[in-house]
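Structure, as structure tokens:
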Amino acid sequence: MTVRMNIDCNGCYQRIRRALLNMQGLESHLIDRKQHRVSVCGEFVPQDVAIKLRKRTNRRVEILEIKEVDAGGGGDPPPEGGGGGQQP
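This is the structure:
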């Protein structure tokens, strides 16, 4: 998930960072000061994270993008018994 927040100074950056570190379900985060964007990865409800960021930092939070990533294993298993053996 990517959100836009106003990150003016080091204090704002530290408040956002502390709020993210204290949240459950977040695996990683990236704070981009120049673009005023915060990217978050993990298992969470995007609206809940945005609300918590808003309350803990007293900053406006705008959700820009939400990407859902499936945690699957990557497709079908290989076919069984179908090749490589000797033929008479």
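Quick note: the sequence shown uses my numbering, first residue 129, plus one each step.
Every residue gets a Cβ at the ideal spot worked out from N, C-alpha and C, and that includes glycine.
What did DSSP end up calling residue i once you bin it into helix, strand or coil?
i, result
"residue 194", "coil"
"residue 173", "coil"
"residue 188", "coil"
"residue 140", "helix"
What separation, rounded to the nearest whole angstrom, lies between the Cα atoms of residue i and residue j?
i, j, result
"residue 138", "residue 196", "31 Å"
"residue 167", "residue 186", "18 Å"
"residue 132", "residue 153", "20 Å"
"residue 146", "residue 173", "19 Å"
Bridge partners for residue i per DSSP, in chain order?
i, result
"residue 130", "167 and 193"
"residue 159", "166"
"residue 154", "170"
Tell me which same chain residues have a C-beta within less than 6 Å of the C-beta of residue i, skipping the five on either side of it?
i, result
"residue 135", "141, 161 and 164"
"residue 156", "169"
Under 8 Å Cβ to Cβ from residue i, same chain only, skipping five residues before and after it: list those, please.
i, result
"residue 144", "133, 135, 159, 166, 181, 185 and 187"
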